[in-house]
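These protein sequence lines map, in sequence, to chains A and B.
Position one of the first sequence corresponds to residue 9 (the working numbering), numbered consecutively onward.
Position one of the second sequence corresponds to residue 9 (the working numbering), numbered consecutively onward.
There are 2 protein chains.
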Amino acid sequence: MYRCMMDKEAHQLKDFLELGGLKSTKERETILKELEVLEEHFNAEKLYSILSRKGTKVSRPTIYRTLKLLERFHLIERLDVKKNCFYYEPMSHKKDHGHLVCEHCGRIIDFASESIQDLKSEVFEGKNFKLDNISIQIFGICETCQKTSKIKS
Amino acid sequence: MYRCMMDKEAHQLKDFLELGGLKSTKERETILKELEVLEEHFNAEKLYSILSRKGTKVSRPTIYRTLKLLERFHLIERLDVKKNCFYYEPMSHKKDHGHLVCEHCGRIIDFASESIQDLKSEVFEGKNFKLDNISIQIFGICETCQKTSKIKS
DNA sequence: TTCGTTGCAAAGCTTTTGCACGAAT
DNA sequence: ATTCGTGCAAAAGCTTTGCAACGAA
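Here is the structure:
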């Protein structure tokens, strides 16, 4: 299962890196540190601009490479939210949950649900499919946008 | 709600087109006709090559534009399956269902589930979120690939 | 005739890659 | 001393756009 992230990410990463004969660099630590405090869903570009603004700029290629690395180690998870780019889940979001994606403002809201577990059991029992990761997106209009409904049909 | 598609797509489309002051062209009909018989999930490039092979080639820009049009009319639905491109649901797939996406061979298998309805009710009751469309992807390894498991961990 | 539509070529955007330099072990 | 990682610039891959020619109403 992806999606899940331990508390001491840094340690984990270092272990993984060592195991894989990979190196711990200041760029990787910068990114990891940012992800530990990041509350929102993000993509490569957003991370790039956050770090740039903070004066700890890391190049785009390195950001992309590092995100891939972290994904491979299941330390972050890639989302699928109808944008033509990759979005990621912050490390702080842990257990199984789905995403409410507002089609008006683009906001992504996590939601937990009993039914997700049911769904997994059903699929596991019904089909001979080795589950890895479940990804649930519900598209619609969030509360805020419904109120300020400047929404064109 | 997206995802749902009536039987007489062509009629529907013509109505929509008329309503919007849009025109019915042979390119749009070619695409629509292909989508009516297409069994598999597809993307723009796949559609392009199918039509090209059949000798009813339509340019890429037109394919992209038409798919967008059909999506706008809720005649097809865009999927989110961890590829860096848009995948669509064929018109023949109707009611609420999720997708099992094999991470090894890339195959997409539809599955229906009671729990999807539960999930929708839960969200509808719990949050003040105006539902539009639910998108469920379960990633893992399909039966076939498990058997022929040449899978690198 | 009037607009919407098409195809081409070019541009746009996100992501990836080649390569030389630099840093970690 | 190796070997891996970084940044730059360039390429790649998918999608969109500008524009002139075309075609449906």
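By construction, the Cβ of each residue, glycine as well, lies at the ideal position given by its N, Cα and C atoms.
On a predicted model such as this, the values are computed, not experimentally measured, just so you know.
Residue from the options whose Cα sits closest to the Cα of residue i
i, options, result
"LEU59(B)", "ILE149(B), THR38(B), ILE144(B)", "THR38(B)"
"VAL66(B)", "LEU77(B), LEU78(B), ALA52(B), VAL109(B)", "ALA52(B)"
"SER162(B)", "GLU48(B), GLN125(B), ARG68(B), GLU47(B)", "This structure cannot speak to residue 162(B), because chain B is shown only from 9 to 161."
"HIS105(B)", "TYR72(B), PHE94(B), LYS128(B)", "LYS128(B)"
"ILE71(B)", "ARG36(B), GLY63(B), LYS62(B), PHE81(B)", "ARG36(B)"
"LEU75(B)", "TYR95(B), GLY63(B), GLU47(B)", "TYR95(B)"
Beta carbon of residue i nearer than 8 Å to that of residue j
i, j, result
"ILE84(B)", "GLU97(B)", "yes"
"PHE119(B)", "VAL131(A)", "yes"
"GLN145(A)", "SER143(B)", "yes"
"HIS1(B)", "LEU87(B)", "The structure shown does not extend to residue 1(B), since chain B is modelled only from 9 to 161, so the question has no answer here."
"ASP140(B)", "PHE50(A)", "no"
"PHE137(A)", "CYS150(B)", "yes"
"LEU30(B)", "GLU42(B)", "no"
"CYS110(A)", "CYS153(A)", "yes"
Opposing strand residues paired with residue i [DSSP bridges]
i, result
"GLU97(A)", "GLU85(A)"
"PHE50(A)", "TYR96(A)"
"ILE116(B)", "VAL109(B)"
Per-residue DSSP class, three states only, for residue i
i, result
"LYS138(B)", "strand"
"VAL109(A)", "strand"
"PHE147(B)", "strand"
"ASP104(A)", "coil"
"LYS41(B)", "helix"
"LYS31(B)", "coil"
"SER60(A)", "helix"
"VAL66(A)", "coil"
"SER121(B)", "coil"
"CYS12(A)", "Only weak support is given to the placement of CYS12(A): the predicted model assigns it a pLDDT of 27, under 50, and the value that follows is read from those uncertain coordinates. DSSP places CYS12(A) in coil when its eight states are reduced to three."
"LEU77(A)", "helix"
Cβ-heavy atom distance, residue i to the ligand SAH, below 7 Å
i, result
"GLN125(A)", "The ligand content of the structure shown is nil, which means the ligand SAH is not present either."
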